[in-house]
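S.K.: Position 105, counted from 1, in the sequence shown is what the UniProt record's numbering calls 105; the numbers after and before it change by one each time, with no gaps.
For each residue, glycine too, the CB sits at the ideal point set by N, CA and C.
Note that this is a predicted model, so its numbers are computed, not measured.
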Amino acid sequence: MADSAFVALTHSSTLRRLLYEALAALGLDPTDTYRRAYAGVPLAAPLLESREDHDNAPRFWQALEGISGDVDIGLHLGEVMQPRPMDVIGYLLLAARDLRQGLQAFVRFQHILSGGFAARLEERDDEVRLVIDLNYRGVGSLRQQMECLAVLLSKMLAAAGGELPLLGVDFRHRAPRKLAEHRRLLGVEPRFSQAHDALILPRAALARPSRSASPRLFEVLSEEAEKQLAGLVENQLLARVRYWLELNLGSTTCSLEACALALSSHRSALQRALSEQGSSFRALHDEVRRLRALRLLEQGLGVREVARACGFAELSPFYRAFRRWQGGTPRGRS
Numbered sequence: 001m002a003d004s005a006f007v008a009l010t011h012s013s014t015l016r017r018l019l020y021e022a023l024a025a026l027g028l029d030p031t032d033t034y035r036r037a038y039a040g041v042p043l044a045a046p047l048l049e050s051r052e053d054h055d056n057a058p059r060f061w062q063a064l065e066g067i068s069g070d071v072d073i074g075l076h077l078g079e080v081m082q083p084r085p086m087d088v089i090g091y092l093l094l095a096a097r098d099l100r101q102g103l104q105a106f107v108r109f110q111h112i113l114s115g116g117f118a119a120r121l122e123e124r125d126d127e128v129r130l131v132i133d134l135n136y137r138g139v140g141s142l143r144q145q146m147e148c149l150a151v152l153l154s155k156m157l158a159a160a161g162g163e164l165p166l167l168g169v170d171f172r173h174r175a176p177r178k179l180a181e182h183r184r185l186l187g188v189e190p191r192f193s194q195a196h197d198a199l200i201l202p203r204a205a206l207a208r209p210s211r212s213a214s215p216r217l218f219e220v221l222s223e224e225a226e227k228q229l230a231g232l233v234e235n236q237l238l239a240r241v242r243y244w245l246e247l248n249l250g251s252t253t254c255s256l257e258a259c260a261l262a263l264s265s266h267r268s269a270l271q272r273a274l275s276e277q278g279s280s281f282r283a284l285h286d287e288v289r290r291l292r293a294l295r296l297l298e299q300g301l302g303v304r305e306v307a308r309a310c311g312f313a314e315l316s317p318f319y320r321a322f323r324r325w326q327g328g329t330p331r332g333r334s
């Protein structure tokens, strides 16, 4: 769909095209579906006052089940999507010498697909976890989007590395009432209410040679991907700092110095770069704390648990921060 009156769900034309084609394949008119999802929203302005294209996605995915009448619409969209390479990420997966190099490239250049991606590769014993979190400000994990993405990525990885049975799939959202379609399309029993959205693969599969490996092409594509990534510095920097804070909040000291070290930067350089983007480490730290506190309180956690999870050693500074955020005192179990 090429209607400039609509904001994009992601800055990746590939993902948009796959989504629109899949909607049509399921008998849903893409333009009409898009209009209905955003009915009543002033599209001339960014939705939710967001600064990144991916932040426009939640309303679409939240409305999709009601529009389609299909409680498993995400799974079914993933089922009909054709994971053919249409961008530099897809071709990198195919040109990589093995699945490990392909996944490392996916993680390295993830923000070309969406500024909301917070993907990483974790190798543990005989398993490897491909974390595929997509983060939105003030919104938790979106069931339909993540289930669609899990099916699509599993198909993409199989296309790049041959038959690739999943060992497991983790989702952050709560378990739906029925799981028959999850078992059919994913081939495993997913786990729900987990810390991250992730595909779990056999570690031995990472060393499997690619059938379409091309070292020279991989080198050329990597250079092009670096150029594209450089054009997304604003989204990438803010997303990376927010994600680092999400990972470390409540478990370690979240300081500007520690964040700069983790991002291979220096304190002054990171401070300056954030200032150039109209932000600061303190503002992002406060934002992540606030959103986590609200989310955990809504889930029914006690105030002390929420304060610890947000990096507060004592309740009094948490109360002061909460009053500043909300103008009141947090309600929850003491």
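Could you compute how far the alpha carbon of H266 sits from the alpha carbon of L229?
M.R.: Their Cα atoms are separated by approximately 21 Å.
S.K.: Just reading off the beta strand (DSSP E) that G66 is part of, what are its end residues?
M.R.: Where G66 is concerned, there is no enclosing beta strand (DSSP E), although the alpha helix (DSSP H) it sits in stretches over A57 to S68.
S.K.: Could you pull out every unbroken beta strand (DSSP E) segment of at least 3 residues lying fully inside the stretch 72-144, listed in chain order?
M.R.: List check, beta strand (DSSP E) in window: 117-124 and 127-134.
S.K.: Hey, quick one: how far does the alpha helix (DSSP H) through residue 335 stretch, first residue to last?
M.R.: Because the chain is modelled from 1 through 334, residue 335 falls outside the range shown and cannot be assessed.
S.K.: To the nearest angstrom, how far is it from the Cα of L18 to the Cα of S268?
M.R.: So the two alpha carbons sit approximately 41 Å from each other.
S.K.: Quick check on L297: does DSSP put it in helix, strand or coil?
M.R.: L297 falls in the helix class under three-state DSSP.
S.K.: Who are the near neighbours of H196 in its chain, counting only those whose CB is closer than 7 Å to its CB and skipping five residues on each side?
M.R.: Cβ neighbours of H196 beyond the five flanking positions: V131, D133, D170 and R172.
S.K.: Between which two residues does the beta strand (DSSP E) containing L201 stretch?
M.R.: Start and end: A198 to P202.
S.K.: If you measure between the beta carbons of S212 and A105, is that distance less than 8 Å?
M.R.: Their beta carbons are not under 8 Å apart, which means S212 does not touch A105 by this criterion.
S.K.: What are the complete beta strand (DSSP E) segments, minimum 3 residues, inside the UniProt domain "HTH araC/xylS-type" (239-334)?
M.R.: For the UniProt domain "HTH araC/xylS-type" (239-334), not a single whole beta strand (DSSP E) run of length 3 or above is found.
S.K.: Does the stretch 236-250 come into contact with the stretch 271-289, if we say contact requires no fewer than three beta-carbon pairs (one atom in each stretch) closer than 8 Å?
M.R.: Short answer: they touch.
S.K.: Could you tell me which residues DSSP puts in a beta bridge with P209?
M.R.: In the DSSP output, where bridge partners are listed per residue, P209 has D98.
S.K.: Exposed or buried, which one is R324 when buried takes at least 16 other CB atoms within 10 Å?
M.R.: It is exposed - the Cβ of R324 has fewer than 16 other Cβ atoms within 10 Å.
S.K.: Rounded to a whole number of angstroms, what is the C-alpha to C-alpha distance between N248 and R292?
M.R.: Using only the alpha carbons, I get a separation of about 12 Å.
S.K.: Pick from G231, S154 and L206: whose alpha carbon is nearest that of F109?
M.R.: Of G231, S154 and L206, the residue nearest in Cα terms is G231.
S.K.: In three-state DSSP terms, what is R191?
M.R.: In this structure, R191 counts as strand in the three-state DSSP scheme.
S.K.: Identify the continuous alpha helix (DSSP H) that holds D29 and give its terminal residues.
M.R.: Where D29 is concerned, there is no enclosing alpha helix (DSSP H), given that its DSSP letter is neither H nor E.
S.K.: Can you list, in chain order, the residues of its chain whose CB lies under 8 Å from that of L263, leaving out five sequence neighbours each side?
M.R.: So the qualifying residues of the chain are R240, V241, W244 and L270.
S.K.: What's the gap between the Cα of L294 and the Cα of E287?
M.R.: Using only the alpha carbons, I get a separation of about 11 Å.
S.K.: Touching or not, the stretch 77-89 and the stretch 23-39, by the rule of three or more beta carbon pairs under 8 Å?
M.R.: Touching, yes, given that three or more Cβ pairs across the two stretches are closer than 8 Å.
S.K.: For R97, which residues from the same chain have a beta carbon less than 8 Å from its beta carbon, with the 5 sequence-adjacent residues on both sides left out?
M.R.: Result list for R97: P209, S210, A213, P215 and F218, in chain order.
S.K.: Does DSSP put residue 410 in a helix, in a strand, or in coil?
M.R.: Since the first residue shown for the chain is 1 and the last is 334, residue 410 is missing from the structure and cannot be characterised.
S.K.: In whole angstroms, what separates the C-alpha of R320 from that of G250?
M.R.: Approximately 17 Å, taken between the alpha carbons.
S.K.: State the Cα-Cα distance for the pair R124 and R203, rounded to the nearest angstrom.
M.R.: Spanning the two alpha carbons is a distance of roughly 8 Å.
S.K.: Who are the near neighbours of C259 in its chain, counting only those whose CB is closer than 7 Å to its CB and skipping five residues on each side?
M.R.: Cβ neighbours of C259 beyond the five flanking positions: V241, W244, L270 and F281.
S.K.: Report the rounded CA-to-CA distance for L284 versus A57, giving the unit in angstroms.
M.R.: Rounded to whole angstroms, L284 to A57 spans 21 Å at the Cα level.
S.K.: Residues in the same chain with beta-carbon distance under 6 Å from R289, minus the five sequence neighbours each way, listed in chain order, please.
M.R.: Excluding positions up to five away in sequence, the list reads C310.
S.K.: Which of the three DSSP states, helix, strand or coil, is assigned to Y20?
M.R.: In this structure, Y20 counts as helix in the three-state DSSP scheme.
S.K.: Assign S154 to buried or exposed, taking buried as 16 or more other Cβ atoms, counted over all protein chains shown, within 10 Å of its Cβ.
M.R.: Its Cβ being crowded by 16 or more others within 10 Å, S154 is buried.
S.K.: Can you grab the Cα-Cα spacing for the pair Q194 / G187, in whole Å?
M.R.: Approximately 19 Å, taken between the alpha carbons.
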